[in-house]
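Heads up: the structure comes next, in structure tokens.
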Amino acid sequence: MMNKVQEIFALTGTSIDLPQIVVVGGQSSGKSSVLENLVGKDFLPRGNEIVTRRPLILQLHRLSKGEQEYGEFAHQPAKKFYNFLDIRKEIQEETDRVAGSNKGISNKAIVLKVYSPHVLNLTLVDTPGIARVPIGDQPKNIETQIRGLVTDLISKNNAIILAVQAANQDLATSDALSMAKSVDSDGSRTIGVLTKLDLMDKGTNALDILYGRQFPLRRGWTAVVNRSQADIESDKSIEKAQEAERRFFSGHPVYGLIEDRCGTAVLANKCNKILTEHIRKSIPYLKKQIDTLIKQRQLELESFGEATEFEEQNANWLLLQYLQKFSAEYKNTIEHGNMVDLRAETKLQLSGSATIRYILHDVFTKKLNEVKPTQGLSTKDILATMENAAGAKPSLFVPDAAFEILAQRQIKWLREPSLQAAEMVFNELSKLVMELDSKELMRFSSLKYKVAGETTKLLRKMLKETKKNIDLYIDIETAYINKAHPNFNLPQLLASNTVKESPKKYHIEEPPKKSTGNFFTNFFWGPAKEEEPKVDEYEKSLDNINEREKAQLQLMHELLDSYFTIVKKNVQDRVTKIIMHFLVLNSVSAINSVLHRKVYVPTIGKTTSTSEILELLREAEDIAVKRNICKNDLQALLEAKKVLSEVNEI
Numbered sequence: 007m008m009n010k011v012q013e014i015f016a017l018t019g020t021s022i023d024l025p026q027i028v029v030v031g032g033q034s035s036g037k038s039s040v041l042e043n044l045v046g047k048d049f050l051p052r053g054n055e056i057v058t059r060r061p062l063i064l065q066l067h068r069l070s071k072g073e074q075e076y077g078e079f080a081h082q083p084a085k086k087f088y089n090f091l092d093i094r095k096e097i098q099e100e101t102d103r104v105a106g107s108n109k110g111i112s113n114k115a116i117v118l119k120v121y122s123p124h125v126l127n128l129t130l131v132d133t134p135g136i137a138r139v140p141i142g143d144q145p146k147n148i149e150t151q152i153r154g155l156v157t158d159l160i161s162k163n164n165a166i167i168l169a170v171q172a173a174n175q176d177l178a179t180s181d182a183l184s185m186a187k188s189v190d191s192d193g194s195r196t197i198g199v200l201t202k203l204d205l206m207d208k209g210t211n212a213l214d215i216l217y218g219r220q221f222p223l224r225r226g227w228t229a230v231v232n233r234s235q236a237d238i239e240s241d242k243s244i245e246k247a248q249e250a251e252r253r254f255f256s257g258h259p260v261y262g263l264i265e266d267r268c269g270t271a272v273l274a275n276k277c278n279k280i281l282t283e284h285i286r287k288s289i290p291y292l293k294k295q296i297d298t299l300i301k302q303r304q305l306e307l308e309s310f311g312e313a314t315e316f317e318e319q320n321a322n323w324l325l326l327q328y329l330q331k332f333s334a335e336y337k338n339t340i341e342h343g344n345m346v347d348l349r350a351e352t353k354l355q356l357s358g359s360a361t362i363r364y365i366l367h368d369v370f371t372k373k374l375n376e377v378k379p380t381q382g383l384s385t386k387d388i389l390a391t392m393e394n395a396a397g398a399k400p401s402l403f404v405p406d407a408a409f410e411i412l413a414q415r416q417i418k419w420l421r422e423p424s425l426q427a428a429e430m431v432f433n434e435l436s437k438l439v440m441e442l443d444s445k446e447l448m449r450f451s452s453l454k455y456k457v458a459g460e461t462t463k464l465l466r467k468m469l470k471e472t473k474k475n476i477d478l479y480i481d482i483e484t485a486y487i488n489k490a491h492p493n494f495n496l497p498q499l500l501a502s503n504t505v506k507e508s509p510k511k512y513h514i515e516e517p518p519k520k521s522t523g524n525f526f527t528n529f530f531w532g533p534a535k536e537e538e539p540k541v542d543e544y545e546k547s548l549d550n551i552n553e554r555e556k557a558q559l560q561l562m563h564e565l566l567d568s569y570f571t572i573v574k575k576n577v578q579d580r581v582t583k584i585i586m587h588f589l590v591l592n593s594v595s596a597i598n599s600v601l602h603r604k605v606y607v608p609t610i611g612k613t614t615s616t617s618e619i620l621e622l623l624r625e626a627e628d629i630a631v632k633r634n635i636c637k638n639d640l641q642a643l644l645e646a647k648k649v650l651s652e653v654n655e656i
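Last residue of the sequence shown: number 656 in my numbering, and the count goes up by one each step with no gaps.
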């Protein structure tokens, strides 16, 4: 049952945490011999270098006594291999096909099913042995790559780890045990396999290991004896090797007393029992995982739509429907915002209407506040404006005309940030058009670019109208300075200023001193004469400002500050409304009619109308491929669900 589910997911590439036994071990641990003993056949590639370079999912199926044994590969489902040497050759060739012939590795598994009367129903995953030194063209980080591949397999909670360790090597330096412990610290998922007991020093034994006193594992240890290198080179059969193993353990003075922990047959029964128990416990979790994947694939398949051969009579109608759907999605996104999955493990970002709101209420307001009431004004400018407005008669306070001239000049500084805000909203709307999750536009790239192009033209036209109205509003604010504004408390400002004392709240700018000549003219001809003051070049020396003028200067600062604060609030409110009305909301109102007029109408009433529509509704090349992959994955998931459901009936 689980073999069938595993094969389904291996073929589709779908990732799911299936119960399986993963075999790990160093290159000299005897890992391959353990697997061949469990199968009872020579079938794995051998060599001094790395030979297992892709995970091998080995599915063992027990046949009735007398039936012929054979193997099948998932990548060649129609072919049966009766010669196990051919299976070895196919593993090598399939490994080279995906991982290359330069001893590189790949995490794409090979699925091999072995049918035999001499095996128990079991699923094992063989992994590459840990290689510490690169060989040939192998990358320098080959050890890191292999450890990463093996760790990915054994770190899953449903993986039972079969850690193969040679008895004549130090357990403290065991690759298999160290990797198993890194993902299974309490040893609850690890089965220890001790090999090469026949090669231990004379007078020593592995009882401390097998009883868990040296390296305790909750799943325990099992001892096996494999063929030696000399046995392999002399073509000693697996059957004879298994008989020799039985004689070794039964005749041994120590191991003969614990035969329930020794031998390949004991290991096979133990793995079968543990895996079967693990599978039954995992079924509810697996069903939940598969149901989640089915829902995901169904939604994905729905987004691709059905492959449709459009006919003349329904092409017009379909095009109109798609345009209306896009318009509705645009309107919905502007009015209600984008739905964001808060559970997604991605950095959340503002989008759509949320970004527009942020631009208008945060970015735009900040830019306005950065404009200061006297920005670009020097003390000389203010004094000169007041003197010119007063004429020949000195004024008691500050001349109205001077205040109006300076206020009008300063209000113009608010024009640029207002226009920039409109540009930013336009850019966000243009981005929104390209990112709208419209199923139809995903499928039909020609229609997508046509719709995006016409919508962008519409937005650009509305941006021009928006900027025109912003300019008009700034001109209106500039044209008339409303000194009677309820928030502009002129009497209070006047009362708070006297000519008796000049507070130091505002900085008085010192004018630059004029040069009286350079070094050379001074050295040879003496200091240059001071220029005679010209009537048409007013320049007031700050040293000569009297208390009345200083008070007037301070008062002008306060008047400009107070009035500018009022205008900034007005601009922030009115410009926001202008952008929302002329750009955002008008685009929502107009988009459907514009797309109908610019995209749909030109394709009807012509002799070439049908071909134009069919071109717009021509599916993107990659969509058909993605749809087929999604359909196959969905079918496999439904089949896996059916297989798991049958378990409850057994």
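Note that the Cβ used here is the ideal one computed from N, Cα and C, for glycine as well.
Keep in mind it's a predicted model, so treat the numbers as computed, not measured.
Query	Result
Inter-stretch contact at 8 Å, needing at least 3 Cβ pairs: the stretch 373-389 / the stretch 583-597	no
Pair within 8 Å by beta-carbon distance, Met440 and Gln558	no
For Gln82, the three-state DSSP class (helix, strand or coil)	strand
The stretch 47-62 contacting the stretch 136-149, beta-carbon criterion three pairs below 8 Å	yes
Cβ contact check for the stretch 238-245 and the stretch 207-218: 3 or more pairs under 8 Å	no
Assigned exposure category for Lys473 - 16 Cβ within 10 Å defines buried	buried
Cβ neighbours of Val607 in the same chain (closer than 6 Å, five flanking residues each side left out)	none
Cβ pair Glu99, Ile116 closer than 8 Å	no
Limits of the unbroken alpha helix (DSSP H) element including Arg363	359-364
Inter-residue Cα distance where the pair is Ala80 and Lys119	8 Å
Burial state of Ile482 (16 or more Cβ within 10 Å)	exposed
Sheet register partners of Arg68 (DSSP bridge)	Ser122
DSSP-derived helix/strand/coil call for Ile116	strand
Per-residue DSSP class, three states only, for Tyr328	helix
Distance CB(Leu159)-CB(Gln171) smaller than 8 Å	no
Nearest-angstrom Cα separation, counted from Pro51 out to Gln26	22 Å
Closest Cα partner of Thr270 within the set Glu410, Glu245, Ile289, Ala84	Glu245
Residues near Leu44 by beta carbon distance below 6 Å, same chain, minus five either side	Ala274
Buried or exposed (CB count within 10 angstroms, at least 16 for buried), Lys208	exposed
Helix, strand or coil at Asp241 [DSSP, three-state]	coil
Backbone secondary structure at Leu130 - three-state DSSP	strand
At least 3 beta-carbon pairs within less than 8 Å: the stretch 279-288 vs the stretch 160-168	yes
Limits of the beta strand (DSSP E) - the one that Gln26 falls within	26-31
Span separating the alpha-carbon of Asn488 from that of Lys463	39 Å
Beta-carbon spacing of Gly201, Ser35 below 8 Å	Before going further, note that residue 201 is Thr rather than Gly in the sequence given. Closer than 8 Å, so yes.
Whole-angstrom distance between Ala630 and Arg225, CA atom to CA atom	49 Å
Opening and closing residue of the alpha helix (DSSP H) in which Leu168 lies	Premise fails: Leu168 lies in the beta strand (DSSP E), 165-172, not in any alpha helix (DSSP H).
Three-way DSSP call (helix, strand, coil) for Ile56 in this model	coil
Min CB distance Ile160 to chain C below 8 Å	This model lacks chain C altogether, as it is built from one protein chain only.
Gly154: first and last residue of the uninterrupted alpha helix (DSSP H) it sits in	148-160
Counted within 10 angstroms of its Cβ, other Cβ atoms place Ala229 as buried (16 or more) or exposed	buried
Buried versus exposed, by CB contacts within 10 Å (16 or more), Asn658	For residue 658 there is no data in the structure shown, the boundaries of the chain being 7 and 656.
Leu6, DSSP secondary structure in three states	Residue 6 lies beyond the residue range present for the chain, which begins at 7 and ends at 656; the question has no answer from this structure.
Range of the contiguous beta strand (DSSP E) that encloses Gly459	Note, Gly459: premise wrong, no beta strand (DSSP E); alpha helix (DSSP H) at 451-485.
Cutoff 8 Å; reference Lys519; Cβ partners in own chain excluding five residues on either side	Unreliable positioning characterises Lys519 in this predicted model, as indicated by a pLDDT of 44, which lies under 50. The coordinate reading is nonetheless provided below. Answer for Lys519: no residue qualifies.
For Cys268: DSSP bridge partner residues	Ala229
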